[in-house]
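> There's a structure below that I have some questions on.
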Amino acid sequence: MKLIARLTLHVCLLTGACFAAAPVPDAAKPGEELARLAEVSGHYGGHLTIGERAEPKTLNPVTATDAVSREVIGRLMGDLIEINRSTQQTEPALAKSWKISPDGRTFTLQLRKGIRFSDGHPFDADDVVFSFNVYMDEAIDSPQRDLLIIDGKPILVTELDQYTVRFALPRPYAAAERLFDGLAMMPKHLLEKPYREGHFIQAWSLNAQAAEVAGLGPFRLKQYVPGQRIAVERNPYYWKVDRENQRLPYLDELVFLFVGTEDAQVMRFEAGETDIVSRLSSENYNLLSREKSRLGSQLADMGPSLEYNFLLFNLNDLNGKKLDEVAGKQAWFRDLKFRQAISAAVDRDSIVRLVYGARGTALWGNVGPGNKLWINPNIPHPQRSVETARQLLKSAGYSWNQSGQLLDTAGRPVEFSIITSSSNSQRMKMATLLQDDLSHLGMQVHVVPLEFRAMIDRVFQSFDYDAAIMGLGGGDADPNPEMNVWAFAGTSHLWHLGETKPASDWERELDQLMQQQMVTLDYTKRKQLYDRAQQLIADNLPFVFLGTPNILASASARVGNFHPAVIDPYTLWNADELYIRDPARENAGVR
Amino acid sequence: MRPKTVILITCLAGLHLILLCAGFFAPYDPTTQDRELPYAPPTRIHFKDDSGFHVRPFVYAWTSVLDGDQAGSYKEDTSRELPLDFFVRGPSYKLLGAYITTVHLFGVDAPGKVLLFGTDGYGRDEFSRVLFGGQISVAAGITATFIALLTGSIFGIIAGYYGRWIDESLMGVTELFLSLPWLYFLLGVRAFLPLHLSTLRTFFLLTSVIGLIGWARPARLVRGLVLSSRNRNYVLAARGFGGSDFYILRRHLLPEVLGLLLTQAALLVPRYIAAEVTLSFFGLGVNEPVPSWGNMLSTLQQYSVLVSYGWLLAPACALVVTSVLYSSLADMFHSRLKSYST
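Residue numbers (my numbering), protein chains in the order written: chain F, 12 to 602; chain U, 77 to 418.
Encoded structure:
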């Protein structure tokens with residue numbers, strides 16, 4: 012008996028050492044303005060493990076650029092107004108309410124009173140002003156800074172009282188409240204010192220002690236093991252409660268394992284070592300669905316994503332670059348009829364079937380059916396027609412020689428290469444299908460897989476490429492994040508980077524439309540402007556749009572409240588609501 | 077000749093004949109996509125149906141079925157039997173690189189298809205691709221071996237025969253080559269080349285790089301052999317009678333190393349085929365849509381493909397068969413010629 016008791020004690024001690032008791036949710040204090048999620052229920056306890064493709068680079072929300080860092084940081088930090096991933100609408104978060112002035116230029120936000128950072132320190136307007144100062148600081152050069160500097164002027168942030176902050180924009184800005192989503196409110200008491208001393212960028216690196224890092228997210232840093240995992244535990248002061256007024260999150264702990272690749276994520280998931288996988292390819296999704304009965308997992312096909320994959324031609328200004336060969340081919344690429352012919356010859360149905368395993372959608376424009384609020388339904392979806400493509404080429408002066416090779420007006424054979432990232436098997440496959448499609452037009456196309464960085468370098472810096480297959484979008488449903496693609500001076504204006512003035516009339520009109528929609532506050536008017544922009548893009552084909560994959564995710568059966576979304580972060584956006592199902596309890600009707 | 081030797085020689089000759097006349101043995105063009113049949117499993121060859129046994133084999137076409145809500149499963153369309161025909165007309169190809177013809181060893185009536193090894197993700201016939209891919213992979217192995225042995229034996233003979241500082245400096249160079257991390261070296265070389273190289277240029281680049289990196293080992297072996305035999309009595313005698321260096325090399329030393337070179341060749345060919353497969357697997361070899369065993373295997377880098385479509389391992393099986401045949405050949409040379417080898 013004694014022995015058993017001692018053994019049990021040992022076991023308890025051992026498990027205790029592995030999962031030191033998670034912090035107990037703090038009882039609600041009087042005057043604490045908590046957000047109540049009336050729909051949400053679950054129960055406390057347990058931990059979830061998530062496989063990540065890489066190791067995060069930092070825990071600093073201002074300097075993080077990579078997806079993994081942002082996914083982890085997003086669980087640690089809170090924002091003022093957030094976009095509800097399931098409704099795609101904005102919702103009060105740390106700001107319990109906000110008012111917009113009639114001219115659309117002033118936002119007055121009421122903060123929740125009495126809420127605390129994960130280290131127990133109270134949160135107020137000082138932290139908000141501090142956070143915005145950091146985000147807009149030129150010396151820190153945050154990737155979010157571009158969004159907060161409008162017409163070259165920063166947003167003016169003023170503290171009206173301890174719980175009221177006013178944001179004054181230099182000009183009206185459509186859907187400005189969406190800007191607040193993802194901007195982490197940082198603790199002034201912890202970060203002011205490094206900021207003043209000029210080493211903010213080094214603050215909150217992965218080596219930071221758990222006590223140094225505090226946020227307003229559902230979790231707080233627990234432990235980082237280099238090369239293996241990062242564990243975050245419950246924030247006992249989190250400001251959301253469920254239906255029964257229990258303070259969220261339900262989970263004691265969330266563990267991010269660094270596994271390397273999507274395939275490794277899937278293997279770990281199959282082995283039961285991880286609980287959630289997101290951003291699955293259709294092949295891996297089908298693989299998991301074949302094993303559904305064995306794994307007992309939940310599979311979610313959320314329909315078309317907001318991402319668009321496209322074929323891009325190099326229309327950059329190559330003067331002063333020693334790229335005569337590419338420059339010679341630009342005469343074809345600049346010809347609208349040439350691009351239209353390519354678009355007509357592309358077999359998008361095959362892309363959907365062969366690349367996405369029928370879990371995807373063909374695209375003819377930059378906005379896909381996943382974006383219900385903004386899609387222009389009048390963009391035509393012409394069927395693939397090699398005949399139309401040949402007619403277009405013929406009318407543009409192209410001809411064919413005896414062996415069926417396409418010749419341009421000067422008699423040169425049309426031959427070009429498509430670069431694509433070798434790590435993205437879906438885009439590689441698109442390129443191979445395209446190669447075959449275009450061979451029916453007599454074009455000789457070479458597929459060149461490149462390492463991702465090498466490809467990015469060619470597209471953004473050296474311009475040493477003919478054509479490329481890439482993907483963009485997926486961040487938000489709103490048109491504003493698309494500004495950097497369609498405005499002529501945008502940083503992702505990929506087909507012609509660094510333009511000083513629009514290269515053509517349609518580009519000028521597109522730029523004007525995009526600028527205009529940004530300052531139009533009325534949805535219907537904005538939609539009209541954006542519809543026209545989509546029409547211009549589809550007519551002039553700066554990109555030949557190909558398709559978009561569905562958002563596919565899976566979770567083990569024990570994960571409760573699993574509701575993936577089509578906007579990033581696809582599965583962990585409601586990490587505070589996730590809980591471990593307990594079949595015994597659920598059968599008894601207790602939650 | 078012993079029966080084992082006869083079997084081995086026949087198998088090797090057969091293998092090379094099939095690869096050489098890939099167009100004739102392959103029922104389809106290796107680059108033609110059939111987008112209705114991605115990842116179709118190998119066609120089953122039937123002899124029996126409801127009416128009994130048939131001497132002439134027949135196949136059923138695959139029709140794609142929805143398995144639950146999931147596309148990509150196939151079942152046999154048993155409504156129509158497609159008897160296997162021999163010497164049929166099909167897509168045109170060049171036999172031995174010269175005669176354009178359309179006759180294939182076997183096939184079935186279109187639109188039915190006989191897919192011995194199934195199809196890949198683009199619906200291309202894997203069997204035809206294995207044959208055409210083998211042309212490139214095996215030719216690369218043989219060419220690279222030739223380059224390596226030619227270079228290796230020239231330098232080995234010179235080093236072994238002349239000795240002293242020539243020997244030391246040449247052997248120093250071989251050591252350098254042996255210690256080269258060649259995969260990284262090649263990855264580096266590829267970065268300096270133009271984006272697209274034609275298949276022919278890639279092929280020659282590949283073979284010459286493999287061959288030139290591989291010359292060091294045979295060079296050291298040849299040098300050792302020459303070193304030991306140059307002071308043999310018959311060599312000294314020939315020199316005493318006034319034989320020139322060239323005469324001695326040709327008449328006495330070259331025959332001495334010939335056995336070694338043959339054994340080495342049989343050992344190196346499969347090794348260099350594997351080298352080509354490795355390089356193409358990492359995307360450094362010939363590009364899509366031209367098949368080679370390496371770039372065909374590279375789709376198996378995806379976990380889902382590896383576990384779902386076993387028939388795509390066919391090029392690996394072909395590689396194993398080829399390697400086993402060549403190493404048996406090396407064994408045979410080794411025991412027959414009683415010569416040195418690795």
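A virtual CB, placed ideally from N, CA and C, is assigned to each residue, including glycine.
In angstroms, rounded to a whole number, what distance separates the CA positions of Phe-324 of chain F and Thr-107 of chain U?
Locating residue 324 of chain F in the first sequence gives position 313, where the first residue counts as 1. Locating residue 107 of chain U in the second sequence gives position 31, where the first residue counts as 1. Approximately 25 Å between the Cα atoms of the pair.
> Report the start-end ranges of each beta strand (DSSP E) in the region 237-307 of chain F that is 3 residues or longer and not cut off at the edges.
Those beta strand (DSSP E) runs which fall completely within the region 237-307 of chain F and span 3+ residues are 240-245 and 264-269.
> In chain order, what residues of the same chain have a beta carbon less than 6 Å from the beta carbon of Gly-217 of chain U, not counting five sequence neighbours either side?
Here the question's residue 217 of chain U lines up with position 141 in the second sequence. Correct list, in chain order: Val-345, Tyr-348 and Ile-349.
> Please list, in chain order, the chain U residues whose beta carbon lies closer than 9 Å to that of Thr-443 of chain F.
Along the first sequence, one-based indexing puts residue 443 of chain F at 432. Ordered by position in chain U, the residues that pass the 9 Å Cβ test against Thr-443 of chain F are Gln-109, Gly-197, Tyr-198, Glu-364 and Pro-365.
> Whose CA, out of F:Leu-326, F:Ile-578 and F:Leu-217, lies closest to the CA of Ser-80 of chain F?
Numbered from its first residue, the first sequence carries residue 80 of chain F at position 69. Per the Cα distances, F:Leu-217.
> Taking buried to mean at least 16 other C-beta atoms within 10 Å of its own C-beta, is Glu-588 of chain F buried or exposed?
Locating residue 588 of chain F in the first sequence gives position 577, where the first residue counts as 1. By the 10 Å Cβ count, Glu-588 of chain F comes out buried.
> Confirm, please, whether the CB-CB distance from Ser-213 of chain U to Ala-102 of chain U is below 7 Å.
Locating residue 102 of chain U in the second sequence gives position 26, where the first residue counts as 1. Locating residue 213 of chain U in the second sequence gives position 137, where the first residue counts as 1. No, the pair does not count as a contact, with Cβ atoms beyond the cut-off.
> Residues of the region 284-300 of chain F in Cβ contact with chain U at a cutoff of 8 Å, in chain order, please.
Taking 8 Å as the Cβ-Cβ cut-off against chain U, the residues of the region 284-300 of chain F that qualify are Ser-292, Glu-294, Asn-295, Asn-297, Leu-298 and Ser-300.
> In or out: Lys-13 of chain F buried (at least 16 other Cβ within 10 Å) or exposed?
The residue labelled residue 13 of chain F in the question sits at position 2 within the first sequence. Any reading at Lys-13 of chain F must be qualified, since the residue scores a pLDDT of 48, below 50, and its modelled position is unreliable; no value is offered.
> Can you say whether Tyr-260 of chain U is buried or exposed, counting buried as having 16 or more other CB atoms within 10 angstroms of its CB?
Position 184 of the second sequence, counted from the first residue, corresponds to residue 260 of chain U. Exposed.
> Relative to the alpha-carbon of Leu-343 of chain U, which residue among U:Ala-89, U:Asn-307, U:Leu-282 and U:Phe-409 has its alpha-carbon at the smallest distance?
Working through the second sequence from its first residue, we reach residue 343 of chain U at position 267. Closest by alpha carbon: U:Phe-409.
> Between the Cα of Arg-111 of chain U and the Cα atoms of F:Ser-289, F:Pro-492 and F:Leu-444, which residue gives the shortest distance?
Taking the first residue of the second sequence as 1, we reach residue 111 of chain U at position 35. Ranking F:Ser-289, F:Pro-492 and F:Leu-444 by Cα distance to Arg-111 of chain U puts F:Leu-444 first.
> So that I know if they touch, is there some Cβ in chain F lying closer than 7 Å to that of Thr-418 of chain U?
As a working mapping, residue 418 of chain U is identified with position 342 in the second sequence. At Thr-418 of chain U the pLDDT is 39, less than 50, meaning the model places this residue with poor confidence; the figure from the coordinates comes in the next sentence. It does not; no Cβ of chain F falls within 7 Å.
> Have a look at the DSSP bridge pairing and note the partners of Leu-322 of chain F.
Looking up residue 322 of chain F in the first sequence gives position 311. F:Ile-480 and F:Val-555, per the DSSP bridge assignment.
> For the putative contact between Val-425 of chain F and Trp-506 of chain F, defined by C-beta atoms under 8 Å, what is the C-beta separation to the nearest angstrom?
Locating residue 425 of chain F in the first sequence gives position 414, where the first residue counts as 1. Locating residue 506 of chain F in the first sequence gives position 495, where the first residue counts as 1. Rounded, the Cβ-Cβ distance is 19 Å, inconsistent with contact.
> My guess is that Met-88 of chain F and Asp-138 of chain F are in contact by the Cβ rule of under 8 Å, so how many angstroms apart are they, rounded?
Translated into the one-based positions of the first sequence, residue 88 of chain F becomes position 77. Translated into the one-based positions of the first sequence, residue 138 of chain F becomes position 127. Wrong, their Cβ atoms sit about 12 Å apart, outside the cutoff.
> Using the C-alpha atoms, what's the distance from Leu-252 of chain U back to Pro-331 of chain U?
The residue given as residue 331 of chain U occupies position 255 in the second sequence. The residue given as residue 252 of chain U occupies position 176 in the second sequence. Cα to Cα, Pro-331 of chain U sits roughly 28 Å from Leu-252 of chain U.
> Any beta carbon from chain U within less than 7 Å of Pro-183 of chain F's own beta carbon?
As a working mapping, residue 183 of chain F is identified with position 172 in the first sequence. Closer than 7 Å: no.
> Beta-carbon separation of Ser-316 of chain F and Thr-559 of chain F under 7 Å?
Locating residue 316 of chain F in the first sequence gives position 305, counting from the first residue. Locating residue 559 of chain F in the first sequence gives position 548, counting from the first residue. A contact, by the Cβ cut-off of 7 Å.
> From Gly-370 of chain U to Gly-361 of chain U, what distance separates their C-alpha atoms?
Walking along the second sequence from the start, residue 370 of chain U turns up at place 294. Walking along the second sequence from the start, residue 361 of chain U turns up at place 285. Gly-370 of chain U and Gly-361 of chain U: Cα-Cα distance of roughly 8 Å.
> If we ignore side chains and look at the alpha-carbon of each, how far apart do Glu-352 of chain U and Ile-286 of chain U end up?
Here residue 352 of chain U refers to the residue found at position 276 of the second sequence. Here residue 286 of chain U refers to the residue found at position 210 of the second sequence. Their Cα atoms are separated by approximately 8 Å.
> Jot down the residue ranges of each uninterrupted beta strand (DSSP E) in the region 533-594 of chain F, minimum 3 residues, whole runs only, in chain order.
You should have 554-566.
> Within its chain, find whatever has a CB closer than 7 Å to the CB of Leu-540 of chain F; leave out the 5 residues flanking it on each side and keep chain order.
As a position in the first sequence, residue 540 of chain F is number 529, starting the count at 1. Closer than 7 Å at the Cβ level, and outside the excluded window around Leu-540 of chain F, lie Leu-524, Gln-527, Gln-528 and Thr-531.
> Using only CA atoms, which one of F:Phe-474, F:Arg-279, F:Leu-452 and F:His-457 lies nearest to Met-439 of chain F?
To locate residue 439 of chain F, count along the first sequence from 1; it is residue 428. Considering only alpha carbons, the answer is F:His-457.
> Nearest to Ser-140 of chain U by CA position, among F:Arg-364, F:Glu-223 and F:Asn-327, is which residue?
To locate residue 140 of chain U, count along the second sequence from 1; it is residue 64. Here the closest residue by C-alpha is F:Arg-364.
> So is Tyr-169 of chain U in contact with chain F if we call contact Cβ pairs under 7 Å?
Stepping through the second sequence from its first residue, residue 169 of chain U is reached at position 93. False, the Cβ-Cβ gap to chain F never drops below 7 Å.
> Going by DSSP, what residue range makes up the alpha helix (DSSP H) through Ala-442 of chain F?
Residue numbering aside, residue 442 of chain F sits at position 431 when the first sequence is read from its first letter. Per DSSP, Ala-442 of chain F belongs to the alpha helix (DSSP H) from 436-450.
> Tell me which residues share the same chain as Tyr-385 of chain U and place their Cβ nearer than 6 Å to its Cβ, disregarding the 5 neighbours each side in the sequence.
As a first step, residue 385 of chain U must be located in the second sequence, where it is residue number 309. Only Tyr-115 meet the Cβ criterion.
> Identify the residues that DSSP records as bridge partners of Pro-294 of chain U: which are they?
As a working note, residue 294 of chain U is residue 218 in the second sequence. Bridge partners of Pro-294 of chain U: none, in fact.
> Sorted by chain position, which residues of the same chain lie with C-beta nearer than 6 Å to Arg-279 of chain F's C-beta, five sequence neighbours on each side aside?
Numbered from 1 along the first sequence, position 268 holds the residue referred to as residue 279 of chain F. The residues are Gly-62, Val-270 and Thr-285.
> Rounded to the nearest angstrom, what separates Gln-121 of chain F and Ala-106 of chain F at their Cα positions?
Locating residue 121 of chain F in the first sequence gives position 110, where the first residue counts as 1. Locating residue 106 of chain F in the first sequence gives position 95, where the first residue counts as 1. Straight-line Cα distance between these residues: approximately 5 Å.
> Just mark Gly-435 of chain F as buried or exposed, buried being the case when its beta carbon has 16 or more other beta carbons within 10 Å.
As a working mapping, residue 435 of chain F is identified with position 424 in the first sequence. Here residue 435 of chain F turns out to be Asn, not Gly, going by the sequence shown. Label assigned to Asn-435 of chain F: buried.
> Can you tell me which of the three DSSP states Met-196 of chain F falls into?
Here the question's residue 196 of chain F lines up with position 185 in the first sequence. If DSSP states are grouped into helix, strand and coil, Met-196 of chain F belongs with coil.
> Quick one: is Ser-436 of chain F near chain U, going by C-beta distance under 7 Å?
If you number the first sequence from 1, residue 436 of chain F lands on position 425. Chain U, which has a Cβ nearer than 7 Å to the Cβ of Ser-436 of chain F, makes this yes.
> So is Asp-489 of chain F buried or exposed if we call it buried at 16+ other beta carbons inside 10 Å?
Translated into the one-based positions of the first sequence, residue 489 of chain F becomes position 478. By the 10 Å Cβ count, Asp-489 of chain F comes out buried.
> For Leu-191 of chain U, return the contacting residues in chain F, with the cut-off set at a CB-CB distance below 9 Å.
In the second sequence, the residue the question calls residue 191 of chain U occupies position 115. Going along chain F, no residue has its Cβ under 9 Å from Leu-191 of chain U, so there is no contact; the nearest lies around 16 Å.
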